[in-house]
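Student:
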Amino acid sequence: MGLANIRLERKQVASLGRRILNSVLFVLLGFAFSGIFIAALGFNPFTVYAKMISYSFLNLRGIRGSIMAGLPLMLCGLSVSAAFKMNLNNIGAEGQYAVGALMGGAFALYGPALPLPLRMAVMFLLCALGGALWAMIAAVLKAYWNVNETIITLMLNYIALLLMDYLCYGPWMAKRQTTPISEKIPQELYLPYLGNSGINAGIVIAVVLAVLLYLFFQYTTVGFQVQVNKYSLRSAQYAGINVRRNILIILGLSGAIAGLAGFVQITGVVHRVQAQLPGGSGYTGIVIAYLSQFHPLAVILVSILLGGLNNSCSAVQIMGVPSQIAAMIQGCIMIFVIAGEFFNRYRLVLKKPDTTAAGQAEAVESKGGVGL
Amino acid sequence: MKNKRFASILLALAITAASLAGCSGGSSANSAPASTPAAEQSAAPSEQGTDWSNFKIGQITSLVVNDGGWCQATNQSILRAMQSLGIPEENLITIENVSEEQVAVENAYNALVSEGVNLIIGASSGYAAFLSDLAPQNPDVIIAQQGARTENLIGYQIRNYEGMFLAGYACALMSESKTLGFAASMSEASVRAAINGFALGAKYADPEEKVQVVWANSWYDVDIETQSAQTLINQGIKYMGMEASSPAVPQTCEANGAYCIGYNVDMEELAPKAVLFSYVWNFAPIFEKIIASAADGTANPDDYYYEGGDSSAISDFNSELVPEDVQKKVLQVKEDIASGKIKVYGGELKDNKGNVLVAAGETMSDEQIVAQEFLVDNVIGDWQ
Numbered sequence: 001m002g003l004a005n006i007r008l009e010r011k012q013v014a015s016l017g018r019r020i021l022n023s024v025l026f027v028l029l030g031f032a033f034s035g036i037f038i039a040a041l042g043f044n045p046f047t048v049y050a051k052m053i054s055y056s057f058l059n060l061r062g063i064r065g066s067i068m069a070g071l072p073l074m075l076c077g078l079s080v081s082a083a084f085k086m087n088l089n090n091i092g093a094e095g096q097y098a099v100g101a102l103m104g105g106a107f108a109l110y111g112p113a114l115p116l117p118l119r120m121a122v123m124f125l126l127c128a129l130g131g132a133l134w135a136m137i138a139a140v141l142k143a144y145w146n147v148n149e150t151i152i153t154l155m156l157n158y159i160a161l162l163l164m165d166y167l168c169y170g171p172w173m174a175k176r177q178t179t180p181i182s183e184k185i186p187q188e189l190y191l192p193y194l195g196n197s198g199i200n201a202g203i204v205i206a207v208v209l210a211v212l213l214y215l216f217f218q219y220t221t222v223g224f225q226v227q228v229n230k231y232s233l234r235s236a237q238y239a240g241i242n243v244r245r246n247i248l249i250i251l252g253l254s255g256a257i258a259g260l261a262g263f264v265q266i267t268g269v270v271h272r273v274q275a276q277l278p279g280g281s282g283y284t285g286i287v288i289a290y291l292s293q294f295h296p297l298a299v300i301l302v303s304i305l306l307g308g309l310n311n312s313c314s315a316v317q318i319m320g321v322p323s324q325i326a327a328m329i330q331g332c333i334m335i336f337v338i339a340g341e342f343f344n345r346y347r348l349v350l351k352k353p354d355t356t357a358a359g360q361a362e363a364v365e366s367k368g369g370v371g372l
Numbered sequence: 373m374k375n376k377r378f379a380s381i382l383l384a385l386a387i388t389a390a391s392l393a394g395c396s397g398g399s400s401a402n403s404a405p406a407s408t409p410a411a412e413q414s415a416a417p418s419e420q421g422t423d424w425s426n427f428k429i430g431q432i433t434s435l436v437v438n439d440g441g442w443c444q445a446t447n448q449s450i451l452r453a454m455q456s457l458g459i460p461e462e463n464l465i466t467i468e469n470v471s472e473e474q475v476a477v478e479n480a481y482n483a484l485v486s487e488g489v490n491l492i493i494g495a496s497s498g499y500a501a502f503l504s505d506l507a508p509q510n511p512d513v514i515i516a517q518q519g520a521r522t523e524n525l526i527g528y529q530i531r532n533y534e535g536m537f538l539a540g541y542a543c544a545l546m547s548e549s550k551t552l553g554f555a556a557s558m559s560e561a562s563v564r565a566a567i568n569g570f571a572l573g574a575k576y577a578d579p580e581e582k583v584q585v586v587w588a589n590s591w592y593d594v595d596i597e598t599q600s601a602q603t604l605i606n607q608g609i610k611y612m613g614m615e616a617s618s619p620a621v622p623q624t625c626e627a628n629g630a631y632c633i634g635y636n637v638d639m640e641e642l643a644p645k646a647v648l649f650s651y652v653w654n655f656a657p658i659f660e661k662i663i664a665s666a667a668d669g670t671a672n673p674d675d676y677y678y679e680g681g682d683s684s685a686i687s688d689f690n691s692e693l694v695p696e697d698v699q700k701k702v703l704q705v706k707e708d709i710a711s712g713k714i715k716v717y718g719g720e721l722k723d724n725k726g727n728v729l730v731a732a733g734e735t736m737s738d739e740q741i742v743a744q745e746f747l748v749d750n751v752i753g754d755w756q
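Chains as they are written, first to last, in our numbering: chain A, 1 to 372; chain B, 373 to 756.
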């Protein structure tokens, strides 16, 4: 029996339990695979993993760190998920985050000192608006001329990040600094902490947004229409759905959510504007969206897990494991889980000796259906 | 069907279990981290008899510690300081590749604090703002930060202009043309201090010597640094200094028959036909003082170490390239700087826009040197 005897068969949609089991299994495989490299370097993979988990998830400080690191990831993940509900690939959460941060940051640093609740609200809206405007460029091009939104959102990232670099290295740079960061924003604009947990109120914003998104797609007309669009634009149009309007709404919404990542990060964590602010969160958001199967509530959980994984990088280095390996473990787990996603939709089947022509045709057909 | 599905899960689990078991078996005998080559044996206990076994030092670096440049110079300096004090090498905890942004620095800081370190060394000036905010959370943990004076942090910096003065002086002695080159990284005060030191040294050798500056606008970029060196060489410049971290400048010089002074660490091995000698950061004497003060409780966030002499070091000369008389003259100048006979920033000093910076007979203050925003009059180029 060789590989030729194994074929792929399309599955019915897997149950929730199966999907979770599948993810857990592939996380374990990811650990096993990185374990080979860790062991080759002369470290015990079990102690390394135990350290990672205990550092990030088994104590209050670690959990707090994981949530905080996960916060911008949540918003980027929600942003990507929302767009994908309509089969729109928003690769631009990174750029939308940056523009949101710039517009909100400009107001925080140089805007008028409005009374407090209003000031916070204006900053919130400006961040959302910045992200939405940036996404809207791609949305208009897509809606009216059917320009590929994947390319446009991706390219707009570079423009946004260079704009951010320019401002943070140039006019906004704090005095006596060598790094591209601005002065601190006014203290009134700091997001409050939740009690004495050390976790800022940004988490509330993210969770509320996730719930609202869930309700939006589940219970509103537009939300329903969007999901029809996902399956077939043509039949959606045939059914009298205004596809053009929906593209604008969904990409605008997606951009606004990504822009809010700028809000929570500036007001909640960094308290300055800095050039490295998005720092890849927009791209990690894509991974998170896929890992969460585009389910808004799952995005929250997965973001915290990835945030913790990210933090544990330094814990692993403390043991003497080189930083490159720490980053590799992270990458390995992500790749394995994403690859494992495949097995939610396909399964390997051993060919029966008397395979019929019809059976083969079916296998070929199911292969044709591979795709994210 | 059901059975096969189950079988496939079992198979996957078996692979997982087998590989994990394999890993742990292979490594259990050898779980100690690989040691850094620099300081193999810890020295005998120090004279005061301080017990160093529980004194832990954390360092945060922007690249890896064997980057062949800045981080390596810092790491080796820490290890030398620890060795001479008698602190076991494993008491140094390193967190590498920490980018200069709030989240990354806070995460590294927390990881080090949770390990119970007594002293944290922030090896990149870009950490200052973030560490300064974090320091009050754990007043017992002393933080030493490279760069300018910052609230809540002990500062340290080397008078790089002293070593750079020697570099410029040597290049000017050897160069036949009246123009030297300088491949610079980012326009930051310490980099400008390096350029100015180099130019003043060149001027000391020959009052007509000029220095052409090219900026990379990056701390580390092989492509741009290659272009910087190539640009200078294309202008007919044969001798250059550098304040750039990659091996690009020495290697480009070697490929084009030009010469340079290495930077950060001894770069002779990278380009033996081009590197005359290297400017070497030696933080060890400073770190020894900081560690000692942190250990006996006398460390104060107002402490600021701005040192030259042995810290602003040069490597051994490349005797194939540097004639004996030049070597002697350079060493003589080094002595004269140490004795105060030569004042690098002594008057009269003008910038290259014609402003008088220091009047004749006076010397620039350290505050002005550290935060300098000018290029001296024999530098061709702008700093903004």
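Ideal placement from N, C-alpha and C gives every residue a C-beta, glycine not left out.
Taking Cβ-Cβ distances shorter than 7 Å, what residues in chain A pair up with B/Ala483?
Tutor: Going along chain A in sequence order, the residues near B/Ala483 (Cβ under 7 Å) are Ser314, Ala315 and Ile318.
Student: Express the C-alpha separation of B/Ala620 and A/Ala108 in angstroms, rounding to a whole number.
Tutor: Those two C-alpha atoms are separated by around 42 Å.
Student: Name the DSSP bridge partner or partners of A/Phe26?
Tutor: A/Phe26 is not bridged to any residue.
Student: Please report the straight-line C-alpha distance between B/Ala577 and B/Ala616, rounded to a whole angstrom.
Tutor: The alpha-carbon atoms of B/Ala577 and B/Ala616 are separated by roughly 24 Å.
Student: Going residue by residue through the segment 234 to 291 of chain A, where are the continuous alpha helix (DSSP H) segments of at least 4 residues, counting only ones entirely within it?
Tutor: The qualifying runs are 243 to 264 and 281 to 291.
Student: Please tell me whether B/Glu692 and A/Ser323 are closer than 7 Å, where the distance is taken between their beta carbons.
Tutor: For B/Glu692 and A/Ser323, no; Cβs fall outside 7 Å.
Student: Suppose the cutoff is 8 Å on Cβ atoms and the five residues either side in sequence are ignored; what does the same chain contact list for A/Leu194 look like?
Tutor: Excluding residues within five positions, the ones whose Cβ falls inside 8 Å are Asn200, Ala201, Ile203 and Val204.
Student: Nearest chain B C-beta to A/Asn311 closer than 7 Å, yes or no?
Tutor: So yes, A/Asn311 belongs to the interface.
Student: How is B/Lys713 classed by DSSP in three states: helix, strand or coil?
Tutor: The answer is coil: DSSP assigns B/Lys713 none of H, G, I, E or B.
Student: Alpha carbon to alpha carbon, how far is B/Trp755 from B/Asp749?
Tutor: Their Cα atoms are separated by approximately 13 Å.
Student: Nearest-angstrom Cα distance between A/Tyr346 and A/Asn22?
Tutor: So the alpha carbons of these two residues sit roughly 12 Å apart.
Student: In three-state terms, what does DSSP make of A/Lys351?
Tutor: Here A/Lys351 sits in coil by DSSP.
Student: From which residue to which residue does the beta strand (DSSP E) around B/Ser618 run?
Tutor: Counting along the chain, B/Ser618 falls outside any beta strand (DSSP E), and DSSP gives it neither H nor E.
Student: Give the single residue among B/Ile450, B/Tyr631 and B/Lys550 whose Cα lies nearest to the Cα of B/Gln518.
Tutor: For B/Gln518, the nearest C-alpha among the options comes from B/Ile450.
Student: From A/Thr267, A/Glu188, A/Leu167 and A/Leu189, pick the residue whose C-alpha is nearest to that of A/Pro180; which is it?
Tutor: Considering only alpha carbons, the answer is A/Leu167.
Student: Closer than 7 Å by beta-carbon distance: list the chain A residues that pair up with B/Ala520, in chain order.
Tutor: Arg176, listed in chain order.
Student: Shortest alpha-carbon distance to B/Ala732 belongs to which of B/Ala743, B/Leu552 and B/Gly719?
Tutor: Here the closest residue by C-alpha is B/Gly719.
Student: So that I know if they touch, is there some Cβ in chain A lying closer than 7 Å to that of B/Glu487?
Tutor: B/Glu487 counts as touching chain A.
Student: What residues in the segment 492 to 518 of chain B bring their beta carbon closer than 7 Å to a beta carbon of chain A?
Tutor: Taking 7 Å as the Cβ-Cβ cut-off against chain A, the residues of the segment 492 to 518 of chain B that qualify are Ser497, Gly498 and Ala501.
Student: Flag A/Thr179 as yes if its beta-carbon sits less than 7 Å from any beta-carbon of chain B, otherwise no.
Tutor: Interface residue, yes.
Student: Would A/Ala160 and A/Gly95 qualify as a contact pair, given that the criterion is a beta-carbon distance under 7 Å?
Tutor: Closer than 7 Å, so yes.
Student: Verify the CB distance criterion: does A/Gln330 have a CB-CB separation below 7 Å to chain B?
Tutor: False, the Cβ-Cβ gap to chain B never drops below 7 Å.
Student: Just the Cα atoms here: how many angstroms apart are B/Val728 and A/Ser66?
Tutor: Distance between the alpha carbons of B/Val728 and A/Ser66: 55 Å.
Student: Who are the near neighbours of A/Phe46 in its chain, counting only those whose CB is closer than 7 Å to its CB and skipping five residues on each side?
Tutor: Excluding positions up to five away in sequence, the list is empty.
Student: Measuring only between beta-carbons, confirm whether A/Val270 sits less than 7 Å from chain B.
Tutor: Closer than 7 Å: yes.
Student: Counting only beta-carbon separations shorter than 7 Å, does A/Ser323 have a partner in chain B?
Tutor: A/Ser323 counts as touching chain B.
Student: For B/Gln607, name the three-state secondary structure that DSSP assigns.
Tutor: B/Gln607 falls in the coil class under three-state DSSP.
Student: For A/Gln274, decide whether its Cβ has a neighbour in chain B, counting only Cβ atoms nearer than 7 Å.
Tutor: Yes - at least one Cβ of chain B is within 7 Å of the one on A/Gln274.
Student: Per DSSP, which residues does A/Cys127 bridge with? Please list them.
Tutor: Looking at the DSSP assignment, A/Cys127 forms no beta bridge with any residue, so it has no partner.
Student: Should B/Asp708 and B/Ile526 be called a contact, given that it needs their Cβ atoms to be closer than 7 Å?
Tutor: Going by C-beta atoms, B/Asp708 is not nearer than 7 Å to B/Ile526.
Student: How about A/Ala135 and A/Gly268: are their beta carbons less than 7 Å apart?
Tutor: No, Cβ-Cβ distance for A/Ala135 and A/Gly268 is not below 7 Å.
Student: Which residues does DSSP pair with B/Val583 in a beta bridge?
Tutor: Answer by DSSP bridge pairing, in chain order: B/Leu552 and B/Val751.
Student: In chain A, which residues lie less than 7 Å from B/Ile465 when you measure between Cβ atoms?
Tutor: Chain A residues near B/Ile465: Ile318.
Student: For a cutoff of 7 Å on Cβ pairs, would you count B/Asn792 as touching chain A?
Tutor: Chain B is shown only over 373 to 756; residue 792 of chain B falls outside these bounds and no answer can be derived.
Student: Identify whether B/Asn672 lies in helix, strand or coil by the three-state DSSP scheme.
Tutor: The answer is coil: DSSP assigns B/Asn672 none of H, G, I, E or B.
Student: Compute the distance between the beta-carbons of A/Ala210 and A/Leu102, then report whether it is under 7 Å.
Tutor: Not in contact: A/Ala210 and A/Leu102 (Cβ atoms no closer than 7 Å).
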